[in-house]
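A.B. asks: Numbering (the working numbering), first residue to last: 44 to 955.
Note that beta-carbon positions come from the ideal geometry of N, C-alpha and C, so glycine has one too.
Nothing here was measured: the structure is a model prediction, and the numbers come from that model.
So that we are looking at the same thing, I have put the structure below in structure tokens.
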């Protein structure tokens, strides 16, 4: 540390550079504290506020000034002038805990499970339990003695219970008490002081029937869990979803065991027998989705720097811990052996043999680039063979070991669409810092406390000076040992039994931070096959019949209903083929069906199963659902148009609300009434006795939405989560088939494309192409009906589905829209929000769409554990691309250019 202090006093840049070059010679890389000190205190060190480990603690700051300073800081030293340790105990305690957690857990290296157990110890919202500590000791002792020693130092000094652990209870207090409750828990340390403070400020006695007191008393009186205590049956419900994807009974049973109980030895067996088993790829990828979901963007890495500035690439683990883990891997591999759970690989001195390639390997395995089509994080086989051929120590290979055989186990894939090609990360990204700012990732890295979910802030703030691009939303863990969070009030499907009969219960995420109010769902027999054309199709199989996409779901064959043009068609049959259901004529004479969807004609409505008594002529948005006065006298009826996906109950197009006595003065969510007058909020509109036209400010121009409804303005369409087809009232219906001839859309004047050079896509049933990405989702009506009947007692709507999907889009420059197509596919559109989006923004939206498409098609629990998204069966995607010169698709860095740059650049192991 003396050398570090001396360095900070040197004023000569040349002298400083000279000493830094010599410093590694007498200060080895293992001196972590010294190097962290140098990196944080040297003059001119760049500040990277998004990357520091204390960012997630900033919400614990008491004063606004401290909270703001914390969010802009790059280290603890940056906040000491504003954030006083005497008053900000909770903040500094949290930062210290995060710093220790970052250091300790980096020793886990590539052992994901060990790192998970380690991170559970350092969660800022809970006290480490005896069982958690034992799990770390049992599992990690064979991987890293340093990690065990580091965790022991922390747990010995950590208090049994911290008042901050009960902060979530304040959310259950009365509104006037919540702020005082948080202040008391952050500033007072003894239980007596806290109790007296809460009684005084909240004006209530500690009665167990009061929600806040019930939560608080149970949290402070519950002792640490001991090994003898009965643990919950389901330790990780998210991973339980994955177990049914196992191809072998051995791995399925192990998966069930490790997801239901603390079974450290089973984890080790699972790693050895299943983690690298090529037949268990689907299971392993599913578990990876739960542990580390794929996210766009990577930045602020100090070791794996070639992974920075990649805003449209997906990564599982772009963070400080993985960056440190890659450096630790290189140190371990430098000893001459790469230790794997099931084999050791002898290598030559990697500091001399292909050091830049080894660094790319270590960084790739830690940062985990995640291709949307496979979601795997395995380097390509050819790269694996090349590097082991050149740098494997063949003299120490075991009998029968060859680079090819080793790589067949480690990296059996050589398709660049399904594996990580190392050339991509041998050079820095071609994108400059200004270009990267076109696409931001406010939730990557996660700035929120560990019991909150980070979501993109799409509403803005009243206080623009302190406005953040993200929101921290309270969440629930899916089990005692789970790190996977779901949003408060979300409905989650949890497996209770698997194979062959699959049973679920649906639970809600309650204010206590736990899943509660669970309701059993009817079980499904997944052993029942579907018989199609004399052939057996097993549950979960996607297939095609003619032009239809089909899916076998527990013995039921679900297919799309689009019209097919047979292969033996004649010119005459092609002339009469419209591509619409039942080959209906493409005349636009709209009718409104009982599900709230406007169909272009009675012919189409009948074809989709509606009787004449179930539809009326005219668009649904011109109906007057409140005319029959369906609400009680003390309530107000407002139109609420919706399209229902379930049909076990009515699909009401109105909502009954009470009369508000006063409106929130701080509410600034503008709305427009049917007379074209703006109101500050929906509440103010109701007080004025007006009728809602749409959310947002009044605008005069009518537009046609992709759902076939006419809106008075773009804002009206967007408030329904519908994108715009063209300006003017709806007058035509587009084709839903790729082979349909020109339709009445030829009479429509389409707007020019938002971005020059865009290769657009046309949504089904629409007339005009757009620069966006489209998912066409096949879904199970039976499943939607089950959710509606058993759980909500209300219809499931398109808007419900879109609102659940929306938080999964992590880039603010993209948003989710959608509608039910006339042939009953669920169409989801992920579109850029700028009026003239850049190529990078269009690329980002395409990648977000590919991510969602992959999660649906692989039935990933990160998506399909949500009700009603678990009714999704398959998805087809169409994405826009940018043509820079009319022929070549735009790409941030083509493979040929990467290889050329690699040949021109000198070998430098410190540039990855």
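1) Runs of 4 residues minimum, wholly inside the region 289-364: which ones carry the alpha helix (DSSP H) assignment?
2) Taking residue 456 as part of the alpha helix (DSSP H), name the residues at either end of that continuous run.
3) In whole angstroms, give me the CA-to-CA distance for residue 326 and residue 623.
4) Decide yes or no for the touch test of the region 713-728 against the region 813-832: beta carbon pairs closer than 8 angstroms, at least 3 of them.
5) Identify whether residue 749 lies in helix, strand or coil by the three-state DSSP scheme.
6) Would you list the residues sitting across from residue 546 in a DSSP beta bridge?
7) Using only CA atoms, which one of 474, 547, 533 lies nearest to residue 539?
8) Below 8 angstroms, how does it come out for the region 629-648 and the region 789-806: are there three or more Cβ pairs, yes or no?
9) Please determine, among 823, 407, 878, the residue with the shortest C-alpha to C-alpha distance to residue 868.
10) Rounded to whole angstroms, what's the CA-CA distance from residue 794 to residue 879? Just pull it up for me.
11) Excluding sequence positions up to five away, which residues of its chain have a Cβ less than 8 angstroms from the Cβ of residue 190?
12) Are the CB atoms of residue 591 and residue 602 nearer to each other than 8 angstroms?
13) Could you check if residue 908 is buried or exposed, using at least 16 other CB atoms within 10 Å of its CB as the buried criterion?
14) Among 242, 138, 334, 241, which has the Cα closest to the Cα of residue 285?
15) Kindly identify the DSSP beta-bridge partner or partners of residue 636.
16) Can you look up residue 197 in the DSSP assignment and give me helix, strand or coil?
17) Going straight from the alpha carbon of residue 347 to that of residue 581, what length do you get?
18) Within the region 725-799, note down every full alpha helix (DSSP H) run reaching 4 residues or more, in order along the chain.
19) Excluding five sequence neighbours on each side, which residues of the same chain lie with their C-beta closer than 6 angstroms to the C-beta of residue 311?
20) Around the C-beta of residue 916, are 16 or more other C-beta atoms found within 10 angstroms, so that it is buried, or is it exposed?
21) I think residue 922 touches residue 897, with their Cβ atoms under 8 angstroms apart; what is that distance to the nearest whole Å?
22) Pull up the distance between the alpha-carbon of residue 552 and that of residue 918, whole angstroms please.
23) Find out if the Cβ-Cβ distance for the pair residue 512, residue 875 is shorter than 8 angstroms.
24) On the premise that residue 353 lies in contact with residue 476, defined as a C-beta separation below 8 angstroms, what is that separation, rounded to the nearest angstrom?
25) Count the other CB atoms within 10 Å of the CB of residue 133; is the residue buried (16 or more) or exposed (fewer)?
26) Look up residue 581 in the DSSP assignment and say whether it is helix, strand or coil.
27) Decide if residue 587 is buried, meaning its Cβ has at least 16 other Cβ atoms within 10 Å, or exposed.
28) Which stretch, first to last residue, makes up the beta strand (DSSP E) that contains residue 573?
29) Using 8 angstroms as the Cβ pair cut-off and three pairs as the minimum, do the region 747-761 and the region 848-867 touch?
30) For a test of the three-state rule: what should DSSP assign to residue 369, helix, strand or coil?
31) Check residue 508 in the structure and name its three-state DSSP category.
32) Go through its chain and collect everything with a Cβ distance to residue 504's Cβ below 7 angstroms, but skip five positions before and after it.
33) Can you give the beta carbon distance from residue 368 to residue 315, rounded, assuming they're within the 8 angstroms contact cut?
34) Who are residue 840's beta bridge partners in DSSP?
35) According to DSSP, simplified to helix, strand and coil, what is residue 96?
36) Touch check for the region 652-671 and the region 898-907: three-plus C-beta pairs under 8 angstroms?
C.D. replies: According to the data block:
1) Whole alpha helix (DSSP H) segments, 4+ residues: 292-303, 307-316, 324-334.
2) First-last for residue 456: undefined, no H or E at that position.
3) 40 angstroms
4) Put simply, the region 713-728 does not touch the region 813-832. Fewer than three CB pairs are less than 8 angstroms apart.
5) coil
6) 540
7) 547
8) The region 629-648 makes no contact with the region 789-806: fewer than 3 CB pairs, one atom from each, lie closer than 8 angstroms.
9) 823
10) 13 angstroms
11) 147, 148, 150, 151, 157, 161, 179, 183
12) yes
13) By the 10 Å Cβ count, residue 908 comes out buried.
14) 334
15) 658
16) helix
17) Here the C-alpha atom of residue 347 lies approximately 44 angstroms from the C-alpha atom of residue 581.
18) 725-730, 757-762
19) Counting only Cβ-Cβ distances below 6 angstroms, and skipping sequence neighbours, we find nothing.
20) buried
21) 13 angstroms between Cβ atoms; not a contact.
22) 27 angstroms
23) Contact flag unset, no.
24) That pair is no contact at about 13 angstroms.
25) buried
26) coil
27) exposed
28) 573-575
29) yes
30) helix
31) Reduced to three states, the DSSP call for residue 508 is helix.
32) 510
33) Taking a contact as a CB-CB distance under 8 angstroms, the pair residue 368 and residue 315 does not count as one, their CB atoms being some 21 angstroms apart.
34) 687
35) coil
36) no
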